[in-house]
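Residue numbers (the working numbering): 117 to 457. For every residue, glycine included, the Cβ atom is placed at its ideal position computed from N, Cα and C.
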Amino acid sequence: GELNEEQKVELEQNLNRLKRQEQELNLLRQKLSQMSSLVEEKDRALKAAAEELRYKLPCCFVECHQLMAFRSPPGSQRHDLGKNQLGCFSQEPALDLANLGVKCRGLRHEETIQRQREGLAELRERVKMLEKRQSSAATTMGSEPLVVLPKDLPEKIVQKTHLEKELTPVSGTRLKASKVLGCVPNGGSHGAADGPVSSERADVTDLGEKMYLDVLGALGSLLKVKELLGMQPLKHLPREEREKVGLQRRKALELLYDKISNLMSRLERKEELLKDYKASVEQLRLREASLQRCREEMSKLEDEASREAEEKALLKEALERTQLQLNQEKRLLRAARLHKV
């Protein structure tokens, strides 16, 4: 009822292979648990950052839109200037920060991108409505420069935004910083005229500057920047101080964009790491399937070995009975020979 040498060697090899695969499976399970805990921790951090970004930024932009709608009646020069500066301060940071929010969430990408596209289409429709109002008001007042400048500005902002998405993070940081700072009012560009028009322009300039500073402050708080330079208003500063504050604002904006680009690169690395984890999990599943097949083969071999042992036991028993009968016949034959003699 014993196994032959080949079956013993094969059984021992299968047992050793099974032990090695179980060790590898335990090691992979430990790594998988560590990876899962790390991924869950990073997901929680990303979700918290995305929620904070989603709830803080829209409040600032909605408040700015409400202020512009309240202070700027349609068809006036003040409305033209407010729309011009609002395009600089609101449209472009809103698009960039919305795209950043989409990447930071890490979940429901397609749904979020669809919502952002709908928002962009709605924003374009509003811009076209404002252009129509401004063109009609400008034709009645005979002010051609006010018709040409706001007409070209929104499409240029949208085109620049799409072009900057295709550039590298560093170059995109510099271009966006210089572009947004180019829209920042310097506090003295509209102060030459006298009367109600100049006061309205000053109010719109102050409102645009306040919006810009609010956006910078919100970004700084979200990105945990302790202190941003150039946050004081430019209205009552001399010319030299204004240039200095403008440089400080440019540096602060570049710092914020650098931090945002770093967050985006870290998010991309996390996504690549998550892909590697998924590949490892798939490999683990394949190994578990292979291990299950090996166990099934082992059970089949054990069944065959038990059947062969039973067959050998039966053959041995039959051989013993045959040997006993042969011995009995030999004794009888010997006795018959002795009886004849």
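Cα-Cα separation between residue i and residue j, rounded to whole angstroms
i, j, result
"ASN130", "GLU424", "18 Å"
"MET327", "LEU141", "57 Å"
"GLU427", "LYS456", "43 Å"
"LEU431", "ALA405", "39 Å"
"ARG355", "TYR373", "27 Å"
"ARG403", "LEU143", "12 Å"
"ALA237", "ALA164", "28 Å"
"MET151", "ARG233", "34 Å"
"LEU448", "LEU440", "12 Å"
"GLN412", "LYS386", "The sequence shown places Glu at residue 412, rather than the Gln named in the question. Distance between the alpha carbons of GLU412 and LYS386: 39 Å."
"ASN120", "LYS416", "17 Å"
"SER153", "LEU400", "17 Å"
"LEU390", "LEU363", "40 Å"
Residue closest to residue i, alpha-carbon to alpha-carbon, out of the options
i, options, result
"ARG170", "LYS375, HIS352 and ALA334", "ALA334"
"LEU407", "GLU138, LYS446, ASP159 and LEU435", "GLU138"
"LEU338", "ASP419, LEU162 and VAL397", "LEU162"
"GLU122", "ASN378, THR438, ALA421 and THR321", "ALA421"
"GLU128", "LEU454, ALA452 and GLU418", "GLU418"
"SER93", "SER149, VAL125 and GLU126", "The requested residue 93 does not occur in the structure, where the chain is confined to residues 117 to 457."
Chain-order list of residues whose beta-carbon lies under 6 Å from that of residue i (same chain, five-residue window excluded)
i, result
"ARG136", "none"
Environment of residue i [buried if 16+ CB atoms lie within 10 Å]
i, result
"GLU325", "buried"
"ALA166", "buried"
"ARG366", "buried"
"GLU316", "buried"
"LEU454", "exposed"
Spatial neighbours of residue i in its chain, beta-carbon cut-off 8 Å, leaving aside the 5 residues before and after
i, result
"GLU241", "none"
Distance between beta carbons of residue j and residue i, contact taken as under 8 Å
i, j, result
"LEU353", "VAL361", "7 Å"
"VAL155", "TYR393", "6 Å"
Cβ of residue i within 8 Å of any chain C Cβ
i, result
"ASP419", "Absence of chain C from the displayed structure is noted, only one protein chain being present."
Same chain only: Cβ atoms within 7 Å of residue i, ignoring 5 sequence neighbours per side
i, result
"ALA368", "LEU332, LEU344, LEU345 and GLY346"
"MET414", "ASN130 and LEU134"
"ARG382", "none"
"ARG145", "none"
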